[in-house]
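Undergrad:
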Amino acid sequence: MSYADQLTEKDLIQMYRWLVLIRAFEDRVCELWAKAGIMELPHGSQGQEAIAVGACYGLRREDQVLPSLRTRGAFFVKGIPTRVQMAGMFNKRTGAAEGRTSSHHMGDAGRGVLVGSGIIGASITVGVGAALAFRLQRKDHLVVNFFGDGAAQRGDFHEGLNFAGVFKLPVIFVLENNGFAEMTPVSKHFAGPDFACRAEGYGFPGIRLDGNDVLAVYDAVQTAAARARAGEGPTLLECVTYRQRGHCENNPIATCREMSEVEAWRARDPIARMRNDLLQRGIITGEHVATVDAEVGAEIEDAIAFAEESLPPAVDDLCKDVYAAESSELVVGRRS
Amino acid sequence: MSYADQLTEKDLIQMYRWLVLIRAFEDRVCELWAKAGIMELPHGSQGQEAIAVGACYGLRREDQVLPSLRTRGAFFVKGIPTRVQMAGMFNKRTGAAEGRTSSHHMGDAGRGVLVGSGIIGASITVGVGAALAFRLQRKDHLVVNFFGDGAAQRGDFHEGLNFAGVFKLPVIFVLENNGFAEMTPVSKHFAGPDFACRAEGYGFPGIRLDGNDVLAVYDAVQTAAARARAGEGPTLLECVTYRQRGHCENNPIATCREMSEVEAWRARDPIARMRNDLLQRGIITGEHVATVDAEVGAEIEDAIAFAEESLPPAVDDLCKDVYAAESSELVVGRRS
Amino acid sequence: MREITCRDAIREALREEMRRDDSVFLMGEDIAEYGGIFKVTDGLLAEFGPDRIFDTPLSESAIVGAAVGAALMGMRPVAEVMFADFTGVAMDAIVNHAAKVNYMSGGETSAPLVVRMAYGAGPRWGCHHTQSVESWLANVPGLTIVMPATPYDAKGLLKAAIRTPNPVIFLEHKLLYGKKGDVPEAEYVVPIGKADVKRPGDAVTIVATGLMVDRALGAARSLAADGISAEVIDLRSIQPLDEDTILASVEKTGRLVIVHEAPVRGGFGGEVAAVVATKALGYLDAPIQRVGAPWSPVPFGQILVDAYVPSEADIVRAVRATR
Amino acid sequence: MREITCRDAIREALREEMRRDDSVFLMGEDIAEYGGIFKVTDGLLAEFGPDRIFDTPLSESAIVGAAVGAALMGMRPVAEVMFADFTGVAMDAIVNHAAKVNYMSGGETSAPLVVRMAYGAGPRWGCHHTQSVESWLANVPGLTIVMPATPYDAKGLLKAAIRTPNPVIFLEHKLLYGKKGDVPEAEYVVPIGKADVKRPGDAVTIVATGLMVDRALGAARSLAADGISAEVIDLRSIQPLDEDTILASVEKTGRLVIVHEAPVRGGFGGEVAAVVATKALGYLDAPIQRVGAPWSPVPFGQILVDAYVPSEADIVRAVRATR
Ligand SMILES: Cc1ncc(C[n+]2csc(CCOP(=O)(O)OP(=O)(O)O)c2C)c(N)n1
Ligand SMILES: Cc1ncc(C[n+]2csc(CCOP(=O)(O)OP(=O)(O)O)c2C)c(N)n1
Ligand SMILES: [Mg+2]
Ligand SMILES: [Mg+2]
């Protein structure tokens, strides 16, 4: 029986709710941006939500994730409150790092979200290092490293995956192949048959799968997780999906591509797909769908209200947290 | 008929002579080092000569090579005089860059040898750029990029090969898998089945072959060269060989390995192999072997005498060539 | 004279040099069809076609490394690295290869390439897309580092950068792209290494780079209202550094304020201060003042970025401290 | 007191910290079985086993990146990057991740790691294995940069570096590994950020780092023979920079010479000069002098390296120029 088959109805409903919440969040911040209502420039994950939800659902709190710039869903499923995320978009003190960093690379130590990097691909080696720590500490936690097709062309992808392969580290590489690195289509930055095949050269399995099928992602990640926790090493999962919006909200959706392509992929939208599946299987009803939408909508409006009421970042704290507090027996003379 | 089959007896004899000359050079500089007779620390290529000879024999003058720290043979076959190379080992003005750089990363623009890098793997992207220039200039020359198994773990390997694959550039990646990166055996820095398989993830062929068989290397490189010149793109050739000496002459041969392993590989020495082959096929005689040895020995002693008589680098030129000469309409105010 | 933006001036420089010299070509991420994320290369694909301007994979080390290789084979690559913060991933190709290849080849082969990068703080970019990296590269012999402050200079300096046989790091401040200024239509080149006195004065010397030149000029205007005549020197390049212009000014004014956007500590201002403290100490009537960012990564958001980046008021305050 | 080499002192620091704290581990190329190419980690594998010290693939970016990740999960990695010149390939992980992660996490998670690197010129290494890279990193908030000059300091500073919750770049001069000096057997730590007056004097202040401290002391000895009493300050770390010790000395001597092995231009000496020209200008009786390498890559071979690296004679000459 596959891992997905073992999910209860409650699980499935919860996963569906995550998908809806993430989409609603993304759509709403795009709207806010269009009205010049927020500070942070959204890099929408619309269309890719199934990957984060499939990958993070069922992770332990101690398992660490390293979201990419577009893995909004990982923050949600790992438990970062909607309010905190929204406050980040508004650049408020209640958001990431008290408003000193943008929210799409935020971390949350307690919930198992590591600080990402604006340098695409760079966080891959950091995730590998976290997995190394688990190995050295003889813990059976794992790391999920999210990144895009573009990031897979960075040297750090190579060094990170090879390093993980050599030491058989408990890390799952989730490559979100959404068809583009900014405006450049995969066909222009990649000549191989698929990304999954690269795993062979690092000595571990690579699997290409439908990233718009939340249960397929869940199943693949859980399989990889069992491998990882058993000390058998990493897995590369190439999740094929599609970026339904522009690279960021500065770019119209049709930038450097045909809208017909976008439409074709919208027809394969992961959320509609799960909804229809659950409806067909009788796990949810139309009424339930409406309730989820309403609840999610309320949650987001609450977060917006929270963000709006929150204080801006404190100018006096401009140079806070450049260094962690240290004893004067070890370091003296820090100045800001 | 294979490319190797088309080689004339003269070709074969010439290739054999190169092998003997390179080995003699390497052995002699190791001897000189042991007697504290030279400035440069040798990183001997003994055991790997067939790769450079097989790869460079039959290249055009305009074809560019980027030797690694251990591709001594490429300098020879590309025509850099023995005297110049030896003067480099002695750190003389007649050597590389008038004695201002060490000889194992020297370049020679006229002969198609690009300046390498002491940063292992970094020259891979430079070679790719040279191939890019050929493509843009619509020339059918090519680039041979030499590097080791250790270098294949650097980010630049990945970025360079992917870049070359995307643009189908005329470059041949010659990976000299000699079993070690310094003291670390390949089994400890690599978990894949072989390096050749990595090419798939860049969209071009990867082939693993016997790097101690000069004709096999020649054949593979010529095949790849035809592909490259025809605009069909790069090839990765993993040439399996063995480093018969220590990483450098500071390290005894037995450092971090069993001598039995070294002995086993010495029994598969590429030079003895070609010699025996040519003797058996009646292409050379025992007398000829002795003549080659004598000639080569004389050439090397001549080079040593030349190096010894050459002037040391000029202290007054310490800051020469930091910048290429430029017109004062473009840049003013350079200081040294 | 015709007024155009820095963005347009840079594009004109690229276009003119591409027309003049077939070996000039452009590569980088999203620069061809899209025209670059700052739209600097917009329209060039249509004129020059995909052999002269093309998009690369997301591989900055390969971009710069390949630029070196292509330059060695006679091409004149102009590589765009979107954000100067990515220097970290292309650093080796810049400092160990581009900068040293002429030296290592004994003067046989140099690497005539330009790496264009957008630097400097803006409110929405966050700490990985806003750094001023010039001092990371300022101690590397073989490099030339240019930081234009006006459309005129951006165009003229970029043309010089493309033509010189040596590698040039060309730092474009992202907040200057939209800035307008006089740019003649006739062909010209601004030699790299010559600082420009953007405003003459005799009471204090303000040395600045990039976006800070405008702030220094603003400060000079308010100081003028108070009867303090500030001379504003735009370095234009930090390597070579035009010591003569700085020293001549300090000889006249006896007071020096150095402004850059990077953090003060370890920033390039130290070099300028040291040159003056060595070669013109006797002329100094007051301690040298440096103005720069505080010792922190660049923050996110308008409020903190405004507090972080040196302002006209900061410069005015520093000038007053020299009196 | 017991005399041991820098190499042994560093190894002792590593051993003691590994014994004290289970979370300290070492990784790098050829450091375990072989003991490191400078033999610093020799013997540690036997004591601590392959979980505490291990060899990595030839992947410096992954080494530093993985050190950051492991540090974030509670480990205390000490990463060896063989040669400081390889900073170029690990730069991003250092400047954009290690240095910024505490800030980006709002102070939740810092990266307590040490990157040990061998720097400086020796005759046989050539331009890619000899650079003094401290100024490449000196403008990056979040970093701590240590450059010990004696076995005592190397041991005590490394212990502090391993214990501090912040990332430390620990630069070991390859020509100092064999240098002997007093090192007590009892436990001690040298706090980072405190400069050390290695020789008191009152006629001139010589500020130096790393190998140059010895040269400065040599110069001070010959100057003493001529009746010139030089005070030699070993900075020990350039970040934090101990301004107080420098300023107090200049207040006393009125003369300042700064010595480092990196090229003068764009080097860290500029920062020291600027601090003094801002905060102690009134005390200066003579122009500040800087001594460093010329504007060239590091050459190959004894003859040129000897001409390139600042010598005692160069320092003496600079001191005389302040008189
Ligand atoms: C090293 C680096 N190069 C370039 C960029 C600019 N950039 C930001 S996102 C992006 C594309 C990323 O593509 P991909 O990894 O596929 O992620 P996606 O945005 O598609 O989710 C680029 C080029 C960057 N941030 N870092
Ligand atoms: C980036 C970098 N890391 C480490 C080194 C030190 N180093 C020099 S050679 C070498 C091993 C190279 O192994 P490989 O690529 O297999 O080449 P081989 O020496 O076996 O020919 C190492 C680690 C270096 N020069 N550059
Ligand atoms: Mg993508
Ligand atoms: Mg090898």
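Protein chains in written order, with numbering that gives the first Met the number 0: chain A, 0 to 335; chain B, 0 to 335; chain C, 0 to 322; chain D, 0 to 322. In this text, a Cβ means the ideal position worked out from N, Cα and C, and glycines have one as well.
#1: Count the C-beta pairs between the stretch 105-120 of chain C and the stretch 77-93 of chain A that are closer than 8 Å, then say yes if the count reaches three, no if not.
#2: Quick one: is the Cβ of D/Leu57 within less than 7 Å of any heavy atom of ligand 2?
#3: Please report the Cβ distance between B/Arg207 and B/Glu237, rounded to the nearest whole angstrom; I am assuming they are in contact, meaning their Cβ atoms lie under 8 Å.
#4: Is DSSP giving B/Asn393 helix, strand or coil here?
#5: Per DSSP, what are the beta-bridge partners of B/Arg207 in this structure?
#6: Using a Cβ-Cβ distance cut-off of 8 Å, determine whether B/Asn249 contacts chain C.
#7: State yes or no: is the beta carbon of B/Arg71 nearer than 8 Å to at least one beta carbon in chain D?
#8: Taking Cβ positions, are D/Leu216 and D/Lys193 nearer each other than 8 Å?
#9: Output yes or no for whether 8 Å exceeds the beta carbon distance between D/Pro296 and D/Cys126.
#10: How would you write the range of the alpha helix (DSSP H) that D/Arg18 sits in, first residue to last?
#11: Below 6 Å CB to CB, which residues in the same chain sit around D/Leu43 once its five sequence neighbours on both sides are set aside?
#12: What residues of chain D sit near A/Lys319, judged by a beta carbon separation below 9 Å?
#13: For the alpha helix (DSSP H) that contains D/Asp333, what are its first and last residues?
#14: Starting from the C-beta of B/Arg69, find all residues in its chain whose C-beta is less than 6 Å away, skip the five residues before and the five after it, and write them out in chain order.
#15: Using DSSP bridges, identify the partner residues of B/Ser122.
#16: Find the residues of chain A that neighbour B/Cys196, judging by a C-beta separation of less than 7 Å, and give them in chain order.
#17: Name the chain C residues that come within less than 8 Å of A/Cys29, Cβ to Cβ?
#18: Given that a residue counts as buried once 16 or more other Cβ atoms are within 10 Å of its Cβ, and exposed if not, what is D/Leu325?
#19: Among residues of its own chain, excluding the 5 on either side of C/Gly268, which ones have a beta-carbon nearer than 7 Å to its beta-carbon?
#20: Do the stretch 290-305 of chain B and the stretch 17-27 of chain B meet, that is, are 3 or more Cβ pairs less than 8 Å apart?
#21: Give the DSSP bridge partners of D/Asp195, in chain order.
#22: Just to confirm my understanding: we take C/Gly266, look at its own chain, exclude 5 residues before and 5 after, and list those with CB closer than 7 Å. What are they?
#23: Which residues does DSSP list as the beta-bridge partners of C/Asp181?
#24: For B/Pro312, which of D/Arg316, D/Asp313, D/Ala312 and D/Ala306 has the nearest alpha-carbon?
#25: Buried or exposed, going by whether 16 or more other CB atoms sit within 10 Å of the CB of D/Glu59?
#26: In the DSSP assignment, find the beta strand (DSSP E) that holds D/Leu170 and state where it starts and stops.
#27: Could you check where the beta strand (DSSP E) with B/His103 kicks off and where it finishes?
#28: By DSSP's criteria, D/Leu25 is part of a beta bridge. Which residues make up the other side?
#29: Closer than 7 Å to a non-hydrogen atom of ligand 1 - does that hold for the CB of B/Asp320?
#30: Under the three-state reduction of DSSP, which class applies to D/Gln301: helix, strand or coil?
#31: Measure the CB-CB distance between C/Asn165 and C/Ser221 and report whether it falls below 8 Å.
#32: Mind checking whether D/Asp50 and A/Leu135 have CB atoms under 8 Å apart?
#33: Within a Cβ cutoff of 6 Å, which residues of the same chain sit near B/Phe387, ignoring the five residues on either side of it in sequence?
#34: Helix, strand or coil for A/Ala129, going by three-state DSSP, please let me know.
#35: What are the residues in the stretch 233-258 of chain B lying within 8 Å of chain D by C-beta distance?
#36: Can you name, in chain order, every residue of its own chain whose Cβ lies under 8 Å from the Cβ of C/Glu270, other than the five neighbours on each side?
TA: In brief:
#1: Between the stretch 105-120 of chain C and the stretch 77-93 of chain A there are fewer than three inter-stretch CB-CB distances shorter than 8 Å, so the stretches are not counted as touching.
#2: Sequence index remark: in the fourth sequence, residue 57 of chain D carries index 58 (1-based). Result yes, Cβ under 7 Å from ligand 2.
#3: Along the second sequence, one-based indexing puts residue 207 of chain B at 208. Along the second sequence, one-based indexing puts residue 237 of chain B at 238. With 8 Å as the limit, B/Arg207 and B/Glu237 qualify as a contact, their Cβ atoms being about 4 Å apart.
#4: One cannot answer for residue 393 of chain B here, as it falls past the ends of chain B, which runs 0 to 335.
#5: Translated into positions along the second sequence, residue 207 of chain B becomes position 208. Answer is B/Glu237, bridged to B/Arg207.
#6: Walking along the second sequence from the start, residue 249 of chain B turns up at place 250. Against chain C, the CB of B/Asn249 has no partner CB under 8 Å away; the residue lies outside that interface.
#7: Position 72 of the second sequence, counted from the start, is the residue given in the question as residue 71 of chain B. Taking Cβ atoms only, chain D never reaches closer than 8 Å to B/Arg71, which makes this a no.
#8: Looking up residue 216 of chain D in the fourth sequence gives position 217. Looking up residue 193 of chain D in the fourth sequence gives position 194. Cβ distance not < 8 Å, so D/Leu216 and D/Lys193 don't count as in contact.
#9: As a first step, residue 296 of chain D must be located in the fourth sequence, where it is residue number 297. As a first step, residue 126 of chain D must be located in the fourth sequence, where it is residue number 127. The answer is yes: Cβ separation under 8 Å.
#10: For the purposes of this step, residue 18 of chain D is identified with residue 19 of the fourth sequence, where counting begins at 1. Start and end: Cys5 to Arg19.
#11: As a position in the fourth sequence, residue 43 of chain D is number 44, starting the count at 1. Excluding residues within five positions, the ones whose Cβ falls inside 6 Å are Ile52.
#12: Locating residue 319 of chain A in the first sequence gives position 320, where the first residue counts as 1. Near A/Lys319 (Cβ distances below 9 Å), the residues of chain D are Tyr102, Gly105 and Gly106.
#13: Residue numbering for chain D in the displayed model covers 0 to 322; residue 333 of chain D lies beyond these limits and cannot be assessed.
#14: Translated into the one-based positions of the second sequence, residue 69 of chain B becomes position 70. The residues are His42 and Ser44.
#15: For the purposes of this step, residue 122 of chain B is identified with residue 123 of the second sequence, where counting begins at 1. Secondary-structure assignment with DSSP links B/Ser122 through no beta bridge to anything.
#16: Stepping through the second sequence from its first residue, residue 196 of chain B is reached at position 197. Those within 7 Å of B/Cys196 in chain A are Glu199 and Gly200.
#17: Counting from one through the first sequence, the residue named residue 29 of chain A turns up at place 30. Neighbours of A/Cys29 on chain C: none; closest Cβ ~15 Å, over 8 Å.
#18: Missing from the structure shown is residue 325 of chain D; chain D here goes from 0 to 322 and no further.
#19: On the third sequence, residue 268 of chain C is found 269 positions in, with the first residue counted as 1. So the list reads Ile257, His259, Arg289 and Gly291, once near-sequence residues are dropped.
#20: Cβ pair count under 8 Å is three or more, so yes.
#21: Sequence index remark: in the fourth sequence, residue 195 of chain D carries index 196 (1-based). Paired residues: D/Asp233.
#22: As a working note, residue 266 of chain C is residue 267 in the third sequence. Same-chain partners within the cutoff: Ser134, His259 and Gly291.
#23: As a working note, residue 181 of chain C is residue 182 in the third sequence. Looking at the DSSP assignment, C/Asp181 forms a beta bridge with C/Glu2.
#24: On the second sequence, residue 312 of chain B is found 313 positions in, with the first residue counted as 1. Put simply, of D/Arg316, D/Asp313, D/Ala312 and D/Ala306 the residue whose alpha carbon is nearest the alpha carbon of B/Pro312 is D/Ala306.
#25: To locate residue 59 of chain D, count along the fourth sequence from 1; it is residue 60. By the neighbour-count rule (16 or more Cβ atoms within 10 Å), D/Glu59 is buried.
#26: Position 171 of the fourth sequence holds residue 170 of chain D. DSSP places D/Leu170 in the uninterrupted beta strand (DSSP E) bounded by Val167 to His172.
#27: Reading the second sequence from its first residue, position 104 is the one you call residue 103 of chain B. Unbroken run through B/His103: none, as it is neither H nor E.
#28: Numbered from its first residue, the fourth sequence carries residue 25 of chain D at position 26. Partner(s): D/Ile52 and D/Val77.
#29: Your numbering for residue 320 of chain B matches position 321 in the second sequence. No, the Cβ of B/Asp320 stays beyond 7 Å of every heavy atom of ligand 1.
#30: Residue 301 of chain D sits at position 302 when you count from the first residue of the fourth sequence. The answer is helix: DSSP assigns D/Gln301 an H, G or I state.
#31: The residue you call residue 165 of chain C lines up with position 166 of the third sequence. The residue you call residue 221 of chain C lines up with position 222 of the third sequence. It is not a contact, given that the beta carbons lie outside the stated cut-off.
#32: Along the fourth sequence, one-based indexing puts residue 50 of chain D at 51. Along the first sequence, one-based indexing puts residue 135 of chain A at 136. Against a cut-off of 8 Å, the Cβ pair of A/Leu135 and D/Asp50 comes out as a contact.
#33: Since the displayed chain B opens at 0 and closes at 335, residue 387 of chain B lies outside it and no answer follows.
#34: Taking the first residue of the first sequence as position 1, residue 129 of chain A is located at position 130. Correct three-state label for A/Ala129: helix.
#35: Within the stretch 233-258 of chain B, the qualifying residues are Thr254 and Cys255.
#36: Walking along the third sequence from the start, residue 270 of chain C turns up at place 271. For C/Glu270, where only same-chain residues beyond five positions count, the Cβ hits under 8 Å are Ala137, Ile237 and Leu240.
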